[in-house]
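*Asks:* Got a structure here, written out as structure tokens. Questions coming.
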Amino acid sequence: MEQLSVGEVAARLGVSSSAVRMWGTRYGLVASARSVGGHRRYTPEDVALLQAVHEAVLSGTDPAAAAAAVRGIADVEGAGGGPRRRAGAGGTGLAVPGAGKAARGLARAAARLDEMRAEDAVLAALRDTGTLVAWDDVVRPVLIAAGAHWAATGTGIEIEHLLSQAVTTALVRHAATLPEPPSERPVLLAGGPQEEHVLPLHAARAALAEDGVPCRLLGPRTPVPALASAARRTRAAAVLVWLSRPDQAAVEGLPELAAAHRRVRVLAGGPGWDGADTGAAAVPRDLAEAVEGLGQAWRRTQPGRRINPTR
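If you use numbering that gives the first Met the number 0, the sequence shown corresponds to residues 0 to 310, in order.
The structure is reproduced here in structure tokens:
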């Protein structure tokens, strides 16, 4: 059985060794094996759990909540040595303990690789409850469940990929149905220079659209100079830089963003900023706080304008 050191696990996950050690200290995700010399070694099961937690964090979940949820779901999925139920021909059900009807429906559609049903399930939740509630109560539990299923069984990466695509498309469709906000002084959303995962930014854009806040989503891997240039060109009211993992180029570029123009507010969102020196940049605790901070920054640039949010 393959056993890995901390450094090897970190390289496989694409995070720092200190992050792997921190997950063990804070959340109990420790190596379960020992080398002949007594050093801790990670088994394939240990690595799978860490990978599931990492994927949940990439979706915007708080690391502590992700660790607790993944351990709990993995226990359910792994009970009896395998998945507990089937979800139709060729599909395995996703366990979402304690989730509501909408989340269970999304989990069934994702497990069956039914992209359109998954997309429609997300869209219905967005319309019923608004983006932020749907994100927390429907989307994130299923994203975590998909990661935990992979951790318990070693299968199902295709479910995660389809789910992410369906959620992204639903968020775009939902935002497109809302009244077009004014164009002046938009807020900008961007992944850091090395950031590949921007699903939370799609959720932020939809939530901002519900609030009538103009927004431009620049996408993943945005170089800081390009983001600063965009902030100047658009006279952006605020900029949110999202990191799911540490990125020194983003940290070093924060002063340049703050200097893009006199009145821009810079927010550093996502778990990748944990422990980083963010200077004067605001650090929202979660997606809802980021959306609120961006909205407040924009509204300050609109004296006398009547805002008609849809949520």
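Virtual Cβ for every residue (Gly too), placed ideally from N, Cα, C. The structure displayed is predicted, hence computed values, not measured ones.
Which residues in the same chain as T168 place their Cβ atom closer than 8 Å to its Cβ, once the five residues preceding and following it in sequence are excluded?
*Replies:* Counted from its first residue, the sequence shown places residue 168 at position 169. E118.
*Asks:* Take every Cβ of the segment 175-195, pair it with every Cβ of the segment 132-148, and state whether three or more of those distances are shorter than 8 Å.
*Replies:* The segment 175-195 vs the segment 132-148: no contact.
*Asks:* Starting from L266, trace the beta strand (DSSP E) in both directions and tell me its first and last residue.
*Replies:* Against the sequence shown, residue 266 aligns to sequence position 267. Looking at the DSSP string, the run of the beta strand (DSSP E) that includes L266 is 264-268.
*Asks:* At what residues does the alpha helix (DSSP H) containing L256 begin and finish?
*Replies:* The residue given as residue 256 occupies position 257 in the sequence shown. From DSSP, the alpha helix (DSSP H) with L256 extends over 247-257.
*Asks:* Determine the closest residue to R20 out of V282, R39, L161, P283, with distance taken between C-alpha atoms.
*Replies:* On the sequence shown, position 21 is the one that residue 20 refers to. Of the candidates V282, R39, L161, P283, the one whose C-alpha sits nearest the C-alpha of R20 is R39.
*Asks:* I need the straight-line Cα distance from R299 to G27, nearest angstrom please.
*Replies:* The residue labelled residue 299 in the question sits at position 300 within the sequence shown. The residue labelled residue 27 in the question sits at position 28 within the sequence shown. Roughly 43 Å separates the two Cα atoms.
*Asks:* Could you check whether A275 and P317 sit closer than 8 Å to each other, using their CB atoms as the reference points?
*Replies:* This structure leaves residue 317 out entirely; the chain is present only between 0 and 310.
*Asks:* Please name the residue, chosen from R103, T60, H53, that lies closest to R284 on a Cα-to-Cα basis.
*Replies:* Here residue 284 corresponds to residue number 285 of the sequence shown, with the count starting at 1. Nearest of R103, T60, H53 to R284, Cα basis: T60.
*Asks:* Which value, in whole angstroms, describes the spacing of the CA atoms of A280 and G37?
*Replies:* Position 281 of the sequence shown, counted from the first residue, corresponds to residue 280. Position 38 of the sequence shown, counted from the first residue, corresponds to residue 37. Looking at the two C-alpha atoms, the distance is approximately 44 Å.
*Asks:* Please classify G191 as buried or exposed, where buried requires at least 16 neighbouring CB atoms within 10 angstroms.
*Replies:* The sequence position of residue 191 within the sequence shown is 192, counting from 1. The residue is buried, with at least 16 neighbouring Cβ atoms inside 10 Å.
*Asks:* From the DSSP output, read off the bridge partner residues of Y41.
*Replies:* Within the sequence shown, the letter at position 42 stands for residue 41. L3.
*Asks:* Hey, T130 and A237 are a contact pair by Cβ (cut 8 Å); roughly how many whole angstroms apart?
*Replies:* Reading the sequence shown from its first residue, position 131 is the one you call residue 130. Reading the sequence shown from its first residue, position 238 is the one you call residue 237. That belief does not hold up - the Cβ atoms of T130 and A237 are roughly 18 Å apart, past 8 Å.
*Asks:* May I ask you to report which of helix, strand or coil DSSP gives V141?
*Replies:* As a position in the sequence shown, residue 141 is number 142, starting the count at 1. Three-state DSSP puts V141 in a helix.
*Asks:* How about A150 and Q2: are their beta carbons less than 8 Å apart?
*Replies:* Here the question's residue 150 lines up with position 151 in the sequence shown. Here the question's residue 2 lines up with position 3 in the sequence shown. Not in contact: A150 and Q2 (Cβ atoms no closer than 8 Å).
*Asks:* Going straight from the alpha carbon of G89 to that of R111, what length do you get?
*Replies:* To locate residue 89, count along the sequence shown from 1; it is residue 90. To locate residue 111, count along the sequence shown from 1; it is residue 112. Residue placement at G89 is poorly supported in this model, since its pLDDT is 43, which falls under 50; the coordinates still yield a value, given next. The straight-line gap from Cα to Cα measures roughly 7 Å.
*Asks:* Where do the N-terminal and C-terminal ends of the beta strand (DSSP E) with W241 fall, by residue?
*Replies:* Position 242 of the sequence shown holds residue 241. Run containing W241: 237-241, per the beta strand (DSSP E) assignment.
*Asks:* Measuring CB to CB, does V197 end up less than 8 Å from P140?
*Replies:* In the sequence shown, counting from the first residue as 1, residue 197 sits at position 198. In the sequence shown, counting from the first residue as 1, residue 140 sits at position 141. Going by C-beta atoms, V197 is not nearer than 8 Å to P140.
*Asks:* With a threshold of 7 Å, establish whether the CB of E7 neighbours any heavy atom of the ligand HEM.
*Replies:* With respect to small molecules bound, the structure shown includes none, and the ligand HEM cannot be examined in it.
*Asks:* A65 and V46: beta carbons closer than 8 Å?
*Replies:* In the sequence shown, counting from the first residue as 1, residue 65 sits at position 66. In the sequence shown, counting from the first residue as 1, residue 46 sits at position 47. Going by C-beta atoms, A65 is not nearer than 8 Å to V46.
*Asks:* Around the Cβ of G211, are there at least 16 other Cβ atoms within 10 angstroms (buried) or fewer (exposed)?
*Replies:* Numbered from its first residue, the sequence shown carries residue 211 at position 212. Looking at its Cβ environment, which holds 16 or more other Cβ atoms inside 10 Å, G211 is buried.
*Asks:* Among P222, G153, D135, L122, which has the Cα closest to the Cα of A98?
*Replies:* As a first step, residue 98 is located in the sequence shown; it is residue number 99 there, counting from the start. The residue with the shortest Cα to Cα distance from A98 is D135.
*Asks:* Could you give the distance in angstroms between the alpha-carbon of V290 and the alpha-carbon of A206?
*Replies:* On the sequence shown, position 291 is the one that residue 290 refers to. On the sequence shown, position 207 is the one that residue 206 refers to. Rounded to the nearest angstrom, the two C-alpha atoms are 7 Å apart.
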